[in-house]
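In the UniProt record's numbering, the protein residues as written are 1 to 183.
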């Protein structure tokens with residue numbers, strides 16, 4: 001992912017809606033959860049559990065537990081640095097789980113090894129996202145896939161524009177001597 005918030009949630013919405021009768025975990029999300037967004041997405045706010053961990057090891061442990069619990073419909077895990085052995089553990093937990101598992105990492109991680117059968121680089125494009133298949137089963141796909149995204153009303157500006165003209169620079173002035181304090 002080029003940066004968090006390029007449209008990954010809107011891209012995943014059809015899959016998340018399909019499992020919305022079960023809980024959905026957001027692990028280490030980069031932005032504060034907005035209940036209004038869940039309502040717009042058609043996901044019950046009460047089905048979304050947001051988990052933050054102080055340490056990477058704790059977040060990885062939480063991810064494994066969520067996948068192994070069997071009560072979550074999906075886990076979306078945002079993490080910048082993950083060691084290959086930790087990815088392997090998550091992959092094994094995901095294989096034995098009925099939960100959807102999405103690991104969201106920066107584009108720089110595209111060159112790192114991963115056991116994931118599908119790896120996609122997501123870049124923003126005008127009113128869409130461009131998906132580059134870094135790794136997939138089957139024949140290679142050289143051309144990116146562009147997926148159109150609908151605008152979210154919470155992203156649209158509902159306020160009047162503000163005049164942001166720069167005010168004139170203040171002119172230097174001198175103070176009367178009686179106002180200047182010397183120590």
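Don't be surprised by glycine CBs; every beta carbon is placed ideally from N, CA and C.
Starting from the C-beta of residue 148, find all residues in its chain whose C-beta is less than 7 Å away, skip the five residues before and the five after it, and write them out in chain order.
Cβ neighbours of residue 148 beyond the five flanking positions: 127 and 128.
Kindly provide the ranges of any alpha helix (DSSP H) runs that are 4 or more residues long and lie completely inside the segment 56-142, ordered along the chain.
56-69 and 84-95
To which residues of the same chain is residue 94 closer than 6 Å at the C-beta, ignoring the five residues directly before and after it?
67 and 101
What does residue 25 pair with, by DSSP beta-bridge criteria?
49 and 75
Would you check if the segment 42-60 and the segment 98-114 touch, i.e. whether three or more CB-CB distances between them fall below 8 Å?
no
Helix, strand or coil for residue 145? Go by DSSP, reduced to three states.
strand
Taking a contact to mean a Cβ-Cβ separation below 7 Å, would you say residue 33 touches residue 50 in this structure?
yes
Closest by C-alpha distance to residue 12, when choosing among 103, 92, 107 and 137:
103
Considering only their Cβ atoms, is the gap separating residue 74 from residue 19 smaller than 7 Å?
Cβ atoms of residue 19 and residue 74: closer than 7 Å.
Does the beta-carbon of residue 70 have 16 or more other beta-carbons within 10 angstroms, so that it is buried, or is it exposed?
exposed
Where do the N-terminal and C-terminal ends of the alpha helix (DSSP H) with residue 16 fall, by residue?
8-18
Inspect the beta-carbon positions of residue 141 and residue 133 and report whether they are closer than 7 Å.
yes
For the alpha helix (DSSP H) that contains residue 35, what are its first and last residues?
35-41
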